[in-house]
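*Asks:* For this note's numbering, add 815 to where a residue sits in the sequence shown, where the first one is 1. Just passing along the structure, written as structure tokens.
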Amino acid sequence: MQFVARGGNMKILECFFQHFEGCGVTTDIADLAARNGHLEVLIYLQEHTTVVHENFPENWIGPSHFACWGGRGILWACEQGHGHVAQWLVENWPHALSLEETETIIRSALTGGLMDLAQSLLPADRHIADYVTEFSHPLAFEMAVTSGRLNLNRHPNDVIVVVYNFAKAGRLDLIKRVCKNLPRDDENLREILAIDEGDSYEWRLVIKEAIKRDDMHMVDWLVKHPIGQASLIAAKATKTSLEFAIATTDTAMLQYLHDGDLLLAGDYMGGLVHAVQNGQLDTVQWFLLHAANLSNVEQYNLMDEAAKCGHLDILQFFHGSTSPIEEDILRQIRLKGCSTGAMDDAATNGHLEMVQWLHANRSEGCTTKAMDGAAKGGHLEIVKWLYRNRSEGCTFEAVELAIIHGQLQVACWLRTHGHGQLQVDHWRHVYLLQHCDAMQFCPERELEILLFLHVNYPHVLTTSLYMCIMLRMRVPKPIRGLYAWDWMEAHEGQLQNWL
816 MQFVARGGNM KILECFFQHF EGCGVTTDIA DLAARNGHLE VLIYLQEHTT VVHENFPENW
876 IGPSHFACWG GRGILWACEQ GHGHVAQWLV ENWPHALSLE ETETIIRSAL TGGLMDLAQS
936 LLPADRHIAD YVTEFSHPLA FEMAVTSGRL NLNRHPNDVI VVVYNFAKAG RLDLIKRVCK
996 NLPRDDENLR EILAIDEGDS YEWRLVIKEA IKRDDMHMVD WLVKHPIGQA SLIAAKATKT
1056 SLEFAIATTD TAMLQYLHDG DLLLAGDYMG GLVHAVQNGQ LDTVQWFLLH AANLSNVEQY
1116 NLMDEAAKCG HLDILQFFHG STSPIEEDIL RQIRLKGCST GAMDDAATNG HLEMVQWLHA
1176 NRSEGCTTKA MDGAAKGGHL EIVKWLYRNR SEGCTFEAVE LAIIHGQLQV ACWLRTHGHG
1236 QLQVDHWRHV YLLQHCDAMQ FCPERELEIL LFLHVNYPHV LTTSLYMCIM LRMRVPKPIR
1296 GLYAWDWMEA HEGQLQNWL
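Structure (structure tokens):
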């Protein structure tokens, strides 16, 4: 049922209710369906169950089904922005909502930006501003600020939380309005900046959110604000990385940060690695043009990183660029070169074109990890290409990993081409728990995996595996893997005979 609640698969839900009597749905299942926005699941449960408020009924014997309601479903639906689900739950809740419950829902609705729902639940003598918290949606703050009823005389750090949320939403107008109430004298600035390391709302992180949006105007305003100036001075004094360079790949923003002395030494190298990982060649070139600020280049294998992430244009640039401006730093990158990990990781991540280019233009080659990783990820075309063009081959783990992760087409191909031998004892003892995990995380393939093992590797299906799968599911029989469970029960005697 957790699978149904997460994915909203109505066919499985209907099958479940049609084949079993006296089924129960606990509050966590209903809450999960609400959190994921699956209104159709909730409606079906209401129509086909006896709704029970919160508590699991004692000695339930059916024959009808029941569902427990009364958890955090409304709150989760609100916070995730599922307004239609939250509205339906409010209208169909199994008991009248108390004032305390209603006010909690209003706050959650404001967090999710569900203004209409919040307005509909407001007591007659209250206003939205009365329920706004530092985590409310910008729309709620805008309404509260516009009304003139929002109390901004709160602790300065709480206001910074508000500013942080506005920065994420791109609302400089509201930031300016809120910041009118922030103190600017030295004593209070020190209080604002005396923030624990674990606090997520330091002013520099507000700036970072604006940088993520490539909002130059907002960044400039935040940097020039007295709190911004004091925060940056404090960070530079302690040589704390601002991490501004990894927040953007926009070269105009990077140039602004560079010109304003807002990038520390470590930020340049972190930004270069980030640009390589994200495939931004123009950003990579910008950092190389500012090579004087790069440090510890030799500690990174940027060519491997480009290959791993599938960014062929960047790898080709590192491999063959002759630009004199960047020649010194490129010489260091080329001296580091690639390792066998470049092709191994490219194959594992499904980058066939990258694998082919490395094969044709580089001499490092790969290891058996390339085909093993491709098999694990279900990248059959890469497995075939490596088989035809490389001599490293694979280990017995290739077929095992393919089976464990439900990549049965790859497993069939490997078996057909002489790479399908399972080391049964090794598989049972080393991969048994991983296999059960795979069946837990890929429930839609449970029956296929079992049938594949039954046909091709019958000696793997021992009673130990059978019991392990049952125990690892940790839920009553009707709830998980209906068809797989039925199949295993039908073959229980045969499984025991295989020992």
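Cβ atoms here follow ideal geometry from the backbone N, Cα and C, with glycine treated the same way. These numbers come from a predicted model, not from an experiment.
Under the three-state reduction of DSSP, which class applies to T865: helix, strand or coil?
*Replies:* Three-state DSSP puts T865 in a strand.
*Asks:* Going by other Cβ atoms of all chains shown within 10 Å of its Cβ, with 16 needed for buried, is I1316 buried or exposed?
*Replies:* As displayed, the chain neither begins before 816 nor continues past 1314, which places residue 1316 out of reach and without an answer.
*Asks:* State the Cα-Cα distance for the pair E906 and K1051, rounded to the nearest angstrom.
*Replies:* Answer to the nearest angstrom: the Cα atoms are 54 Å apart.
*Asks:* Determine the closest residue to H1174 out of W1200, L1087 and G1192, with distance taken between C-alpha atoms.
*Replies:* Of the candidates W1200, L1087 and G1192, the one whose C-alpha sits nearest the C-alpha of H1174 is W1200.
*Asks:* Report buried or exposed for H910, applying the criterion of at least 16 other Cβ atoms within 10 angstroms of its Cβ.
*Replies:* Exposed, since its Cβ has fewer than 16 Cβ neighbours within 10 Å.
*Asks:* Can the beta-carbon of A1060 be found closer than 7 Å to that of G1086?
*Replies:* Against a cut-off of 7 Å, the Cβ pair of G1086 and A1060 comes out as a contact.
*Asks:* Taking 7 Å as the limit between beta carbons, can you name the residues of its chain near L828, skipping five residues before and five after?
*Replies:* V819, V856 and Y859, listed in sequence order.
*Asks:* Under 7 Å Cβ to Cβ from A944, same chain only, skipping five residues before and after it: list those, please.
*Replies:* For A944, where only same-chain residues beyond five positions count, the Cβ hits under 7 Å are A959, S962, R964 and L965.
*Asks:* Roughly how many angstroms separate the alpha carbons of F831 and A848, rounded to a whole number?
*Replies:* Cα to Cα, F831 sits roughly 16 Å from A848.
*Asks:* Would you mind reading off the limits of the alpha helix (DSSP H) that contains W1200?
*Replies:* Run containing W1200: L1195 to N1204, per the alpha helix (DSSP H) assignment.
*Asks:* With a threshold of 16 other CB atoms inside 10 Å of the CB of Q833, please say whether the residue is buried or exposed.
*Replies:* Exposed.
*Asks:* What is the rounded straight-line gap between the Cα of M1186 and the Cα of A933?
*Replies:* If I take the Cα positions, the gap works out to 55 Å.
*Asks:* Answer with buried or exposed for G1135, where buried requires no fewer than 16 other C-beta atoms within 10 angstroms of its C-beta.
*Replies:* G1135 should be labelled exposed.
*Asks:* Using a 10 Å radius around the Cβ and a threshold of 16 neighbouring Cβ atoms, would you call I1048 buried or exposed?
*Replies:* Classification of I1048: exposed, given that the 10 Å Cβ count is below 16.
*Asks:* Which partner residues does V840 have in the DSSP bridge list?
*Replies:* Partner(s): A882.
*Asks:* If you run the structure through DSSP and keep just helix, strand and coil, what is D1029?
*Replies:* If DSSP states are grouped into helix, strand and coil, D1029 belongs with coil.
*Asks:* Would you grab the beta carbon distance between H1073 and H1105 for me? Rounded to a whole angstrom, and I think it's under 8 Å.
*Replies:* Right, the Cβ-Cβ distance comes to about 6 Å (below 8 Å), so this counts as a contact.
*Asks:* Please report the straight-line C-alpha distance between D1030 and T842, rounded to a whole angstrom.
*Replies:* Roughly 43 Å separates the two Cα atoms.
*Asks:* Quick one: Cα of N1176 to Cα of N1116, how far?
*Replies:* So the alpha carbons of these two residues sit roughly 18 Å apart.
*Asks:* Nearest to K983 by alpha carbon, out of P938, M930 and A1062?
*Replies:* That would be A1062, whose Cα lies nearest to the Cα of K983.
*Asks:* What runs of the alpha helix (DSSP H), each 4 residues or longer, lie entirely inside the stretch 1161-1191?
*Replies:* Taking only runs of at least 4 residues, the alpha helix (DSSP H) segments lying wholly in the stretch 1161-1191 are 1167-1176.
*Asks:* Inspect the beta-carbon positions of T1183 and T1210 and report whether they are closer than 7 Å.
*Replies:* Taking 7 Å as the Cβ cut-off, T1183 and T1210 qualify as a contacting pair.
*Asks:* Drop a sphere of 10 angstroms on the beta-carbon of R1203, count the other beta-carbons inside from all chains shown, and report buried for 16 or more, exposed for fewer.
*Replies:* By the 10 Å Cβ count, R1203 comes out exposed.
*Asks:* Can you have a look at H1089 and say buried or exposed, based on whether 16 or more other CB atoms are within 10 angstroms of its CB?
*Replies:* H1089 should be labelled buried.
*Asks:* For R821, I'd like the list of residues in its chain whose CB is within less than 7 Å of its CB, leaving aside the five on either flank, ordered along the chain.
*Replies:* So the list reads L847 and N851, once near-sequence residues are dropped.
*Asks:* Could you spell out where the alpha helix (DSSP H) holding A959 opens and where it closes?
*Replies:* Element bounds for A959: P953 to S962.
*Asks:* Roughly how many whole angstroms lie between the Cα atoms of S951 and L1057?
*Replies:* Distance between the alpha carbons of S951 and L1057 is about 27 Å.
*Asks:* Can you give me the Cβ contacts of H1234 inside the same chain, cut-off strictly under 7 Å, excluding the 5 residues immediately before and after it?
*Replies:* The residues are C1209, A1213 and V1214.
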